[in-house]
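**Student:** If you're matching them up, the sequences are chains H and D in order. In the numbering used here, each number is its position in the first sequence, counted from 1, plus 145. Numbering follows the numbering used here, in which position 183 of the second sequence is assigned residue number 173; successive positions increment by one, without gaps. Even glycine gets a Cβ: it sits at the ideal position worked out from N, Cα and C.
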Amino acid sequence: MTPQKYLEELLASQDLSPRQVLDLESHKDEVTKFLQAQFGSAPKIKYAGSWVKGTMISDRYDLDIVCYFLHTDSRSLKEIREDVAKRLSAKYLTRQKSSAERILDLKGVAAPGDFHIDVVPGRFIEGSDDVFLHVQYGDKERMLTNLKTHIDHIVGSGCVPLIRLTKLWAHRNRVEIKTFVLELFVIDALTGSRNKGNLKEGFLEVLKAFRDDFATTQLIDPANTNNIVSQLMEPAEKSAIAQAADKTLDGIDGSDSLADWQAAFLETGTVTTKSSGGSGVASAAAGAVASGTSFTPTRQWGGSHDNGN
Amino acid sequence: MITETEVAWLQTRYPNLTVNAARTEISGELVFAAAYDKATDTFTPLTQPGQTAPGIVLRGSYEISIKKGRNDKTLPTLQVLGNKITPILDRHFYDTGHACLCGPVEEINHMSAGISFPRYLEVLVYPFLYAQRHYDTHEEWPWKDYPHGSAGALESFYRAGSTQEHAEVCIRKIQLNVPGWPRMEKLLSGQEHVNGATNCVCGPRHKMREHPAVWYGLLKLRQAIAGYDLSIQKTAQQQDESVKK
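#1: Please list, in chain order, the chain H residues whose beta carbon lies closer than 7 Å to that of D/D62.
#2: Can you list, in chain order, the residues of the stretch 180 to 203 of chain D whose Cβ is nearer than 9 Å to any Cβ on chain H?
#3: Drop a sphere of 10 angstroms on the beta-carbon of H/A245, count the other beta-carbons inside from all chains shown, and report buried for 16 or more, exposed for fewer.
#4: Using the Cα positions of D/Q122 and D/E96, report the straight-line distance between them to the nearest angstrom.
#5: Three Cβ pairs or more, each shorter than 8 Å: is that satisfied between the stretch 151 to 160 of chain D and the stretch 203 to 218 of chain D?
#6: Hey, is D/D126's beta-carbon within less than 7 Å of any beta-carbon in chain H?
#7: For a contact meaning CB atoms closer than 8 Å, what does H/E246 contact in chain D?
#8: Give the secondary structure of D/Q69 by DSSP, where H, G and I count as helix, E and B as strand, and everything else as coil.
#9: Please confirm if H/P257 has its CB atom under 7 Å from at least one CB of chain D.
#10: Does the beta-carbon distance from H/K345 to H/Q149 come in below 7 Å?
#11: Starting from D/W133, find everything on chain H with Cβ-Cβ shorter than 8 Å and list it in chain order.
#12: Are the CB atoms of D/F22 and H/P442 nearer to each other than 7 Å?
#13: With a cut-off of 7 Å, does the C-beta of H/G423 fall near any C-beta of chain D?
#14: Going by the DSSP bridge assignment, what does H/R247 pair with across the sheet?
#15: In angstroms with no decimal places, state the Cα-to-Cα distance between D/W(-1) and H/M378.
#16: Alpha carbon to alpha carbon, what distance is there between D/P132 and H/S436?
#17: Suppose you measure from the CA of D/A89 to the CA of H/M201; what does that come to, to the nearest Å?
#18: With a CB to CB cut of under 7 Å and the five nearest residues on each side skipped, what residues in its chain are close to H/A315?
#19: Verify the CB distance criterion: does H/L249 have a CB-CB separation below 7 Å to chain D?
#20: Report buried or exposed for D/N6, applying the criterion of at least 16 other Cβ atoms within 10 angstroms of its Cβ.
#21: Kindly indicate the opening and closing residues of the beta strand (DSSP E) around H/G347.
#22: Tell me whether D/V184 sits in a helix, a strand or coil according to DSSP, three-state version.
#23: Using 10 angstroms around the beta-carbon of D/E145, count the other beta-carbons present and answer buried if the total reaches 16, otherwise exposed.
#24: For H/A360 versus H/K383, is the C-beta distance shorter than 7 Å?
#25: Residues of chain D with CB under 9 Å from H/E321, in chain order?
#26: Please classify D/V159: does DSSP put it in a helix, a strand, or coil?
#27: Can you find a CB in chain H that lies within less than 7 Å of the CB of D/P117?
#28: For H/D395, go through chain D and note every residue whose CB falls closer than 7 Å to its CB, in chain order.
#29: Would you say D/G18 reaches chain H, if we count a Cβ-Cβ gap shorter than 7 Å as a contact?
#30: Is the distance from the Cβ of D/L306 to the Cβ of H/G447 below 7 Å?
#31: So, does the CB of H/T415 fall closer than 7 Å to a CB anywhere in chain D?
#32: Tell me which residue opens and which closes the alpha helix (DSSP H) that D/G170 is part of.
#33: Just to confirm before moving on: does the CB-CB distance between H/R309 and H/L156 stay below 7 Å?
#34: Anyone know if the C-beta pair for H/G136 and H/D174 falls short of 7 Å?
#35: With 7 Å set as the bound, which would you pick, yes or no: does the beta-carbon of D/H156 sit closer than that to a beta-carbon of chain H?
#36: Kindly indicate which three-state DSSP category D/T204 falls into: helix, strand or coil?
Listed below in structure tokens is the structure:
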């Protein structure tokens, strides 16, 4: 199998199962009914996030729901936020995030372990579909955004498959990156590229951009030019991502070996067989280390106290 | 701990190591050779005649004793006998004299995957002994290690933790540090605010921003505690043990 074919099948395997889709719809339904019972029909409640952008992957996903109040609502953004938070927490186990109330205890059996639902309260600006959100980071208390602009930007980029692939790579390699940053960066990296439709070449291009340009690229929120999205991440975090990209590139750049590409997505565990080694044939004992097998050594720990053994 | 097939493999590959009748203990001299290539961060046990691999090749021999772990969640224990290595914290040994082969999350992962004895020996013991040999000759570790104690547990969770079991194990490991627990309890429960300027878990000489993997591990563990609704209260048995210590 070629790397391109492998990546196509890998992405296909990341489509949500019918059960997962049904669960998401039922969660959205439940939360919508709850919010409507609390606030009436005034707020506009709808899907947001990766569900509407088409960038969801089944390994790890969550559900984003916006709850936008009319521009005529006279309460401050903070009051709206607190009101939504208070009512949700009366029914669900919740946690405050920078601009969302996170529901932690509403999940179906088919959902990933860390599945959650983010409810994002906001208020429309008169005469537009722009929205102000209450935020809890930086020096401002509110942020201008526009869901439709975000969706159009992502969906219209032609980069959705490569965004999904990059999300999967980041998740499986435990690369900590904010999803919105990842989405905007992939689009930025592939602007003008001929490889948007080629998973293999496009993915290599994205990784090289992470390695070479991520630290210095300025990413601007398409719905709000004052929101410099790239500033949401610390230099140390960016550096860690560049290193992870570099490490993956070491294994796959210039390689058509299926095993190398599988290793990039941890499909064969952390142990990979290098072609320079021996035969690669497993030894007689089940699970033994094959001759010539190389691997990344585990970090030793200085556990200072008895481990109980 | 070791199957009959694996015993046969061991006798062929490592004739100086012997297995007791109950197959719960393996001891003897382990002669090893391995290569580590820093540029690609890859380790290769050299187990075949004439085998080569990129990187620095080190050879050594150690008297070792491997015993069955406490339960099916813990790795077999490794002790290095003789006086070639002083089994102290800075050389990655617990105060019981057992080697710390990996972080707590990695230990769970190995055990959950059903690690075989050959893999235990060549994927965990080999790198441990190689690292010791490297330290003896170069006075530095060949690859990055985790910091001691709670900071290392947090970094392990940051790098590899993703499940409720990972979080629970890390909390238990952190609770074992009796003097450090009161502050860790405040940090994990959110009673103590954390940002880059907060003193690191490793001590007041460093700030969290200097050890970002520990910092992020703490935040990730707090998130897991909230997400999985975990209790960080010590059990009655743990409290009794704390009093005794």
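**Tutor:** This is what the structure holds:
#1: As a first step, residue 62 of chain D must be located in the second sequence, where it is residue number 72. Simply none; closest approach about 13 Å.
#2: G186, R199, P202, A203
#3: Position 100 of the first sequence, counted from the start, is the residue given in the question as residue 245 of chain H. The C-beta of H/A245 has 16 or more other C-beta atoms within 10 Å across all chains shown, which makes the residue buried.
#4: Here residue 122 of chain D refers to the residue found at position 132 when the second sequence is read from its first residue. Here residue 96 of chain D refers to the residue found at position 106 when the second sequence is read from its first residue. So the two alpha carbons sit approximately 20 Å from each other.
#5: yes
#6: For the purposes of this step, residue 126 of chain D is taken as the residue at position 136 of the second sequence. Cβ-Cβ to chain H under 7 Å: no for D/D126.
#7: Here residue 246 of chain H corresponds to residue number 101 of the first sequence, with the count starting at 1. Within 8 Å Cβ-Cβ: nothing; H/E246 doesn't reach chain D, min ~13 Å.
#8: Stepping through the second sequence from its first residue, residue 69 of chain D is reached at position 79. Looking at D/Q69 - three-state DSSP - the assignment turns out to be strand.
#9: In the first sequence, counting from the first residue as 1, residue 257 of chain H sits at position 112. Answer no: the Cβ-Cβ gap between H/P257 and chain D never drops below 7 Å.
#10: Translated into the one-based positions of the first sequence, residue 345 of chain H becomes position 200. Translated into the one-based positions of the first sequence, residue 149 of chain H becomes position 4. In this structure, H/K345 sits near H/Q149, with a CB-CB distance shorter than 7 Å.
#11: Position 143 of the second sequence, counting from 1, holds the residue named residue 133 of chain D. Result: P442, R444.
#12: Your numbering for residue 22 of chain D matches position 32 in the second sequence. Your numbering for residue 442 of chain H matches position 297 in the first sequence. Not in contact: D/F22 and H/P442 (Cβ atoms no closer than 7 Å).
#13: To locate residue 423 of chain H, count along the first sequence from 1; it is residue 278. With a pLDDT of only 27 at H/G423, under the threshold of 50, the placement of this residue in the model should not be trusted; the figure read from the coordinates follows. Taking Cβ atoms only, chain D reaches closer than 7 Å to H/G423, which makes this a yes.
#14: Within the first sequence, the letter at position 102 stands for residue 247 of chain H. Answer by DSSP bridge pairing, in chain order: H/R240, H/D263.
#15: Taking the first residue of the second sequence as 1, we reach residue -1 of chain D at position 9. Taking the first residue of the first sequence as 1, we reach residue 378 of chain H at position 233. D/W(-1) and H/M378: Cα-Cα distance of roughly 50 Å.
#16: The residue you call residue 436 of chain H lines up with position 291 of the first sequence. The residue you call residue 132 of chain D lines up with position 142 of the second sequence. Interpretation of H/S436 is limited by its pLDDT of 45, a score under 50 that renders its predicted location unreliable; the figure taken from the coordinates is listed afterwards. If I take the Cα positions, the gap works out to 22 Å.
#17: As a first step, residue 89 of chain D must be located in the second sequence, where it is residue number 99. As a first step, residue 201 of chain H must be located in the first sequence, where it is residue number 56. So the alpha carbons of these two residues sit roughly 42 Å apart.
#18: On the first sequence, position 170 is the one that residue 315 of chain H refers to. Closer than 7 Å at the Cβ level, and outside the excluded window around H/A315, lie I322, L327.
#19: Within the first sequence, the letter at position 104 stands for residue 249 of chain H. Judged by the 7 Å Cβ criterion, H/L249 is in contact with chain D.
#20: The sequence position of residue 6 of chain D within the second sequence is 16, counting from 1. Flag for D/N6 reads exposed.
#21: If you number the first sequence from 1, residue 347 of chain H lands on position 202. H/G347 -> not in any beta strand (DSSP E); alpha helix (DSSP H) instead, spanning 344 to 358.
#22: By one-based count along the second sequence, residue 184 of chain D stands at place 194. It is coil, neither helix nor strand.
#23: For the purposes of this step, residue 145 of chain D is taken as the residue at position 155 of the second sequence. Its Cβ being crowded by 16 or more others within 10 Å, D/E145 is buried.
#24: Your numbering for residue 360 of chain H matches position 215 in the first sequence. Your numbering for residue 383 of chain H matches position 238 in the first sequence. Yes, these two residues count as a Cβ contact at 7 Å.
#25: Residue 321 of chain H sits at position 176 when you count from the first residue of the first sequence. Neighbours of H/E321 on chain D, chain order: Y148, Y206, K210.
#26: As a first step, residue 159 of chain D must be located in the second sequence, where it is residue number 169. Helix at D/V159.
#27: Position 127 of the second sequence, counted from the start, is the residue given in the question as residue 117 of chain D. Chain H contact via Cβ: present.
#28: Here residue 395 of chain H refers to the residue found at position 250 when the first sequence is read from its first residue. Simply T30.
#29: Your numbering for residue 18 of chain D matches position 28 in the second sequence. So no, D/G18 is outside the interface.
#30: An answer regarding residue 306 of chain D cannot be provided, because it is not within the stretch -9 to 235 covered by chain D.
#31: Here residue 415 of chain H refers to the residue found at position 270 when the first sequence is read from its first residue. Confidence in H/T415 is poor, its pLDDT being 35 and thus under 50, which makes the residue's placement unreliable; the coordinate value appears in the next sentence. It does not; no Cβ of chain D falls within 7 Å.
#32: The count along the second sequence starts at 1 and reaches residue 170 of chain D at position 180. Unbroken run through D/G170: none, as it is neither H nor E.
#33: For the purposes of this step, residue 309 of chain H is taken as residue 164 along the first sequence, with counting starting at 1. For the purposes of this step, residue 156 of chain H is taken as residue 11 along the first sequence, with counting starting at 1. Yes, the Cβ-Cβ distance between H/R309 and H/L156 is below 7 Å.
#34: Here chain H has residues from 146 to 454 only, and residue 136 of chain H is not among them.
#35: Indexing the second sequence from 1 puts residue 156 of chain D at position 166. No - not a single Cβ of chain H is within 7 Å of the one on D/H156.
#36: Locating residue 204 of chain D in the second sequence gives position 214, counting from the first residue. The residue asked about is misnamed: residue 204 of chain D is Val in this sequence, not Thr. Helix, per DSSP.
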